[in-house]
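**Student:**
In our numbering, the protein residues as written are -5 to 145.
(1) Is residue 87 near residue 125, with beta carbons less than 7 Å apart?
(2) Quick test of your reading: residue 83 and residue 129, contact by CB under 8 Å. State the CB separation rounded to the nearest angstrom.
(3) Rounded to the nearest angstrom, what separates residue 34 and residue 131 at their Cα positions?
(4) Pick helix, strand or coil for residue 22, following the three-state DSSP scheme.
(5) Out of 17, 15, 41, which one is the CA nearest neighbour of residue 27?
(6) For residue 16 and residue 114, what's the separation of their Cα atoms in angstroms?
(7) Per the contact definition of three or more C-beta pairs closer than 8 Å, is the segment 3 to 12 in contact with the segment 60 to 68?
(8) So for residue 30, helix, strand or coil by DSSP?
(9) Taking 6 Å as the limit between beta carbons, can you name the residues of its chain near residue 2, skipping five residues before and five after?
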């Protein structure tokens, strides 16, 4: 998005996404207040996932917002130093995912999982593998998108 629309539009997209996440959390909280039908077989699972996960949801939302704003800045910094889009995207995503993984694991999982370090290492390895395997697709896809997209 930032590649085509600039830093300010990317920051606006992050803020809109944050509002969407907060709205989702509000709707989940409202849904938890309803008394389910006697035929509802999924309410128990819904309550298990969402009623005791305030820490995880809060950590996830805070991490999302912090890392996305940082990524907007970092991607712009890379734009000024590297002309290869796929390299910029790969570096930006790997570094951002490192911060995302560490911050979320500490805020959301510390004290819940046996080894936060193992969670960080495995999660980050999987994320970087996917990023590095898919980053050449960015250059391929750019060939099909005009350099200037009308707003």
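All residues carry an ideal CB built from backbone N, CA and C; glycine is no exception.
All figures in this text were calculated on a predicted structure; none of them were measured in a lab.
**Tutor:** Taking the geometry as given:
(1) Taking the chain shown and counting its residues from 1, one reaches residue 87 at position 93. Taking the chain shown and counting its residues from 1, one reaches residue 125 at position 131. Yes, these two residues count as a Cβ contact at 7 Å.
(2) Counting from one through the chain shown, the residue named residue 83 turns up at place 89. Counting from one through the chain shown, the residue named residue 129 turns up at place 135. Yes, residue 83 and residue 129 are in contact; Cβ-Cβ is about 6 Å, under 8 Å.
(3) By one-based count along the chain shown, residue 34 stands at place 40. By one-based count along the chain shown, residue 131 stands at place 137. Cα to Cα, the separation comes out at about 43 Å.
(4) Stepping through the chain shown from its first residue, residue 22 is reached at position 28. DSSP places residue 22 in helix when its eight states are reduced to three.
(5) Start at 1 with the first residue of the chain shown, and residue 27 comes out as number 33. Comparing alpha-carbon positions, the option among 17, 15, 41 lying closest to residue 27 turns out to be 41.
(6) Here residue 16 is taken as the residue at index 22 of the chain shown, counted from 1. Here residue 114 is taken as the residue at index 120 of the chain shown, counted from 1. Each residue's alpha carbon lies about 25 Å from the other.
(7) Touching, yes.
(8) Here residue 30 corresponds to residue number 36 of the chain shown, with the count starting at 1. Residue 30 falls in the coil class under three-state DSSP.
(9) Numbered from 1 along the chain shown, position 8 holds the residue referred to as residue 2. Closer than 6 Å at Cβ, skipping near neighbours: no residue.
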